[in-house]
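Report on one structure; see the data block that follows.
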Ligand code: 5GP
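Residue numbers (our numbering): 18 to 199.
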């Protein structure tokens, strides 16, 4: 059957769905403690953060007035000469001014995307701004960018599953897998 790229295949499971679920619950508990009684806009970066965000928001308690919004971005140029500028394909639908905002990302690699979005949204005068990122690759970091709610630190390996893709595939996997050549 055609359709599967022959150059990469699934290697092993790096993070099981059970570990992910437990960690997402811990992150949601922190958010519940810190935003109780407040209104909160959770902004997911499409498409990778969708599954993580869907699980996270369902663990946020009803005393928090949660709104969901989304952004879509793409990098300018090729990855080897990244300027750190990202092109906004889709912006938030709701104004950020005066709101508590949490930006939700799937993974921080170099940090360029997250720091660009952080600067852009922080300039809109939100009441507060924090980031929630499921995975961080500390070895790849080129810019400092604080993550207030971090899921896991992972080694410098390309991962898929739980929203993360390779060429559009494998977002639907419940576990997070490493890719291997072959
Ligand atoms: P950064 O700007 O931090 O270098 O790049 C962040 C983006 O690179 C992520 O949002 C994601 O799209 C992509 N990325 C980086 N590492 C991985 C990885 O291991 N797996 C997948 N699927 N995407 C990655």
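No residue lacks a Cβ here, since even glycine has one placed at the ideal position from N, Cα and C.
Pull up the DSSP beta-bridge partners for residue 148, would you. 120
Any idea if residue 197 is buried or exposed, counting beta-carbon neighbours within 10 angstroms, 16 or more meaning buried? exposed
Going by C-alpha to C-alpha distance, which of 134, 156 and 141 sits closest to residue 127? 156
From residue 31 to residue 192, what distance separates their C-alpha atoms? 8 Å
Return the chain-ordered list of same chain residues with a C-beta closer than 6 Å to the C-beta of residue 40, the five sequence neighbours on each side being excluded. 168
So for residue 25, helix, strand or coil by DSSP? strand
Check whether the region 49-61 and the region 169-178 are in contact - that is, three or more C-beta pairs closer than 8 Å. no
Who are the Cβ neighbours of residue 131 in its own chain at under 8 Å, not counting the five residues just before and after it? 120, 122, 125, 148, 150, 162 and 164
Beta-carbon spacing of residue 68, residue 45 below 8 Å: no
Heavy atom of the ligand 5GP within 7 Å of residue 126 beta-carbon: yes
Where does residue 118 land, buried or exposed, given buried means 16+ other C-beta within 10 angstroms? buried
Assuming residue 47 contacts residue 133 (C-beta within less than 8 Å), just tell me the rounded distance between them. Not really, about 25 Å apart at Cβ, beyond 8 Å.
C-beta contact flag for residue 186 and residue 173 at 8 Å: No, they are not a contact pair.
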